[in-house]
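Everything on this sheet refers to the single structure shown next.
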Amino acid sequence: MQSFQLNERASTVPTVLSYTREDWQKGYNSLKEEFDYWIEDIEGEIPPELHGTLFRNGPGLLDINGQMIHHPFDGDGMICAITFDSGRAHFRNRFVRSEGYLAEQAAGRILYRGVFGTQKPGGWLANAFDFRLKNIANTNILYWGDKLLALWEAAEPHRLDPATLETIGLDRLDGVLKPGDAFAAHPWIDPACNQDDGAPCLVNFSIKPGLSSTITLFEFNPAGKLLRKHAHSVPGFAFIHDFVITPDYAIFFQNPVSFNPLPFLFGKSGPGECITFNPEKPTRIAVIPRAVGSKKDKKPDLAFETHAGFVFHHANAFQDGDEIVIDSVCYGSLPSVEAGADFRETAFERLAPGQLWRFRLNLTTQQVQRELLESQCCEFPYVHPAKAGRSHRYIYMGAADMAEGNAPLQAILKVDVESGERQLWSAAPQGYVSEPIFVPRSSAAFKDGLPTDTLVGAEDDGWLLTLVYNAAHERSEVVILDARNLHQQPVARLRLKHHVPYGLHGSFTPHCFINE
């Protein structure tokens, strides 16, 4: 594979687009109803051995009583649960009843400023020096330690009842978090932790940005009890959404950005609009040892630098001799959030696409090598859960239908990083996909409801689950794909009675939650 510079400009725009802006925009309508029903409109058959619950999170409200929010990332979190049992599927959705959600629903208007530019009515005077931010709980959802947790990286998780999705309240993880503490929305499950005699553990982090920023690493046992917690300082402002792990390390890409708080302080912009990408500065990569030992035995933190670029999401990482290998979706620059702009009018053709890159960090020489693995526009990468922190062969992603340029995600792409083979399943021209979730075919891939590091069958022996918005019918579908062969028709399409707004992240658990 050949090395390339990060694509800093949009590629040539195809003469024929695979989508229309009008179709794409429909997926950003709010879903204000909450549903609870067995899915009956099914094309194909649900595999009877597919047993468990797919949880999805994302902004369900794109307006408050008709007042539009400025960016979908500011929308209140809505959880969807699709439960598979004996060849049947049940759908349920509920909004996370956060303090801010309840207050705004009662008031019938926007009461809080949003991180990505949503402002209270009344102009800058009504917003100046109001630093309250609503915990919107809209980014990810995880079942761990008998708790279902809705995650938003700037504050504590919300705990929900996994059977009903009713909100129990803020959860500070048995006192690990203090009021207002951050807890990231991209945890990893290490299926066999070196420090815990091969037992699985949950690894997550928090960021406290400033002139220098603090990264705090957390590791929890399967019961949800804290095993390890340690803080590390990195120079400069850090805007880090995701990270990766190996058995020995946690790795963070510190994007080259700066933060000017004045427009936020004076009520002109949200914090996300105050972040500036600095292409003349390098991307810093912090490599933090996960082990907590004596100062004598503890490995030092390591810092690497590579060319400027921006990373929202990583696919995976693993150790290869003296090197750490990281596969990530990279952009030539930070997609900016512009004050006054309407996100529904996004000009995809003017933006550089996200592309899949591989980074090799040499722990001895501290050199970084890069290579482009996939040039097609892609996002939301996912690997087999047994491969978290281990060498992987397959990466599954949402992708554009078109081979060049930036566009909405309308396809699911499978990349074989060993052979270079690609498989693409497309929902174009009127379908828009979400993050693909890989579910192993064999129930033996899970032990006590958690993934193991032992492959049962081939690495791609399983299903891909994704929510697809069908603009032709203005409804969403749960699509089940055979991960071994994306060229064939879906195993099943489960047509919902309504649409689900474009979401963010989700997870699968072999636990079957149905409240009847």
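End of the sequence shown = 503 in our numbering, gap-free, step of one.
Backbone N, C-alpha and C fix where the C-beta goes; we use that ideal spot for every residue, glycine too.
Through-space distance from residue j to residue i, alpha-carbon basis
| i | j | result |
| --- | --- | --- |
| residue 319 | residue 133 | 40 Å |
| residue 209 | residue 163 | 15 Å |
| residue 202 | residue 307 | 25 Å |
| residue 26 | residue 460 | 16 Å |
| residue 429 | residue 36 | 8 Å |
| residue 449 | residue 69 | 17 Å |
| residue 236 | residue 221 | 16 Å |
| residue 114 | residue 54 | 16 Å |
| residue 62 | residue 351 | 45 Å |
| residue 168 | residue 187 | 25 Å |
| residue 297 | residue 291 | 15 Å |
| residue 384 | residue 95 | 38 Å |
| residue 493 | residue 128 | 6 Å |
| residue 123 | residue 139 | 7 Å |
| residue 3 | residue 419 | 17 Å |
| residue 512 | residue 198 | With the chain running from -12 to 503 in the structure shown, residue 512 is simply not present. |
Cβ shell of residue i (< 8 Å), same chain only, five flanking positions each side left out
| i | result |
| --- | --- |
| residue 405 | 380 |
| residue 498 | 39, 40, 130, 149, 436 |
| residue 158 | 134, 136, 143, 144, 145, 146 |
| residue 232 | 175, 177, 190, 238, 277, 304, 375, 376 |
| residue 183 | 208, 214 |
| residue 219 | 201, 202, 203, 204, 273, 275, 288 |
| residue 310 | 347, 348, 349, 350 |
| residue 500 | 40, 68, 70, 149, 150 |
| residue 248 | 258, 261 |
Collapsed DSSP secondary structure at residue i in the structure displayed
| i | result |
| --- | --- |
| residue 374 | helix |
| residue 19 | coil |
| residue 354 | coil |
| residue 500 | coil |
| residue 111 | helix |
| residue 183 | helix |
| residue 251 | helix |
| residue 11 | helix |
| residue 364 | coil |
| residue 306 | strand |
| residue 88 | helix |
| residue 235 | coil |
| residue 290 | strand |
| residue 62 | coil |
| residue 431 | helix |
| residue 277 | coil |
| residue 259 | helix |
| residue 137 | strand |
| residue 93 | helix |
| residue 332 | helix |
| residue 146 | strand |
| residue 480 | strand |
| residue 119 | coil |
| residue 462 | strand |
| residue 337 | helix |
| residue 30 | strand |
| residue 389 | coil |
Spatial neighbours of residue i in its chain, beta-carbon cut-off 6 Å, leaving aside the 5 residues before and after
| i | result |
| --- | --- |
| residue 225 | 194, 196, 200, 241 |
| residue 254 | 111, 114, 115 |
| residue 204 | 192, 217, 237 |
| residue 312 | 305, 347 |
| residue 251 | 258, 261 |
| residue 356 | 347 |
| residue 504 | Outside the shown range of the chain, which is -12 to 503, sits residue 504, and nothing can be said about it. |
| residue 446 | 371, 380, 381 |
| residue 334 | none |
Per DSSP, cross-strand counterpart(s) of residue i
| i | result |
| --- | --- |
| residue 426 | 450 |
| residue 317 | 298, 342 |
| residue 413 | 398 |
| residue 504 | Residue 504 lies beyond the range of the chain shown here (-12 to 503); nothing can be said about it. |
| residue 189 | 176, 207 |
Cβ neighbours of residue i in the same chain (closer than 7 Å, five flanking residues each side left out)
| i | result |
| --- | --- |
| residue 331 | 12, 15 |
| residue 443 | 427, 429, 431, 432 |
| residue 154 | 83, 84, 145, 147 |
| residue 90 | 98 |
| residue 88 | 63, 82 |
| residue 496 | 39, 40, 130, 436 |
| residue 413 | 388, 397, 398 |
| residue 10 | 417, 458 |
Inset, instruction - Determine contact between the region 101 to 115 and the region 51 to 60, defined as no fewer than three beta-carbon pairs at a distance below 8 Å. - result: yes
Legend entry - the region 370 to 379 touching the region 294 to 303, judged by at least three CB pairs closer than 8 Å: yes
Inset, instruction - Could you tell me whether the region 44 to 54 touches the region 478 to 498, using the rule of 3 or more Cβ pairs below 8 Å? - result: yes
Legend entry - contact_flag[the region 357 to 371, the region 330 to 347] where n(CB pairs < 8 Å) is 3 or more: With the cut-off at 8 Å, the region 357 to 371 and the region 330 to 347 touch.
Inset, instruction - Specify whether the region 462 to 482 and the region 395 to 411 touch according to this definition: at least 3 beta carbon pairs, one from each stretch, less than 8 Å apart. - result: yes
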